[in-house]
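Residues in the sequence shown are numbered consecutively from 8, following the numbering used here. Following: one structure in structure tokens, then a few remarks.
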Amino acid sequence: MEKKLQQNQIIYIGSMRKDKIIEGYYEIKKAFPDAMLSNTYRLLLIPKFPLPKQFNKPYTPLLIKINPDLDVPPEVYVDRTLRVNGEKSFRLDENITEIDMLEKGWVKICLKINWSPNFSLIDFMILVIDCIKNLKE
8 MEKKLQQNQI IYIGSMRKDK IIEGYYEIKK AFPDAMLSNT YRLLLIPKFP LPKQFNKPYT
68 PLLIKINPDL DVPPEVYVDR TLRVNGEKSF RLDENITEID MLEKGWVKIC LKINWSPNFS
128 LIDFMILVID CIKNLKE
């Protein structure tokens, strides 16, 4: 992560900027009108994200945790009880999910992506949709 000091402030070069988060949120809201962004720009919730037929439910809440201060990809969580073709998916990994998130009923989706600081929230959402749509096991 590249850092630059300006007037005693640390600025992270390459992190997802808040204006890009807001811009992405408004685009996501067009497809998912019930989407909500926290006032800290760190949490995006889609309460009823539609799922393909291989899942045991037609919808799941989908939560994206964003760290606008660091050059790391967002994290995405879904309902812990989701199953793919009747089985727990190795992509819905309780082993990498924080305990407090598990206790709240969430499980982290294990995404294998080549993260770029130039990615927008829309780019990330497209990756998430593609991953969920193509989960087979």
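All C-beta atoms in this analysis are idealised placements derived from N, C-alpha and C, irrespective of residue type, glycine included. These figures come from a predicted structure and were not determined experimentally.
Given that a residue counts as buried once 16 or more other Cβ atoms are within 10 Å of its Cβ, and exposed if not, what is residue i?
i	result
residue 86	buried
residue 132	buried
residue 114	buried
residue 66	exposed
residue 84	buried
residue 31	buried
residue 88	exposed
Could you pull out every residue in the same chain whose Cβ sits closer than 6 Å to the Cβ of residue i, ignoring the five residues on either side in sequence?
i	result
residue 54	41 and 68
residue 39	53
residue 15	Low confidence applies here, because residue 15 scores a pLDDT of 35, under 50, leaving its location unreliable and the question unanswered by this model.
Identify the residues that DSSP records as bridge partners of residue i: which are they?
i	result
residue 57	66
residue 50	72
residue 115	84 and 100
residue 44	51
residue 94	91
Within the same chain, show all residues whose beta-carbon is closer than 7 Å to that of residue i, passing over the 5 residues directly before and after it, in chain order.
i	result
residue 140	59
residue 27	127 and 128
Skipping 5 residues on each side, what residues in its chain have a beta carbon closer than 8 Å to that of residue i?
i	result
residue 49	72, 73, 74 and 75
residue 13	Bear in mind that a pLDDT of 36 at residue 13, under 50, signals an unreliable position, so the number given afterwards is only what the model happens to contain. Taken in chain order, the list of residues that qualify is empty.
residue 108	84, 114 and 115
Can you tell me the Cβ-Cβ gap for residue i and residue j, rounded? I've got them flagged as a contact below 8 Å.
i	j	result
residue 117	residue 98	5 Å
residue 102	residue 61	So it is not a contact: roughly 22 Å between Cβ atoms.
residue 144	residue 96	6 Å
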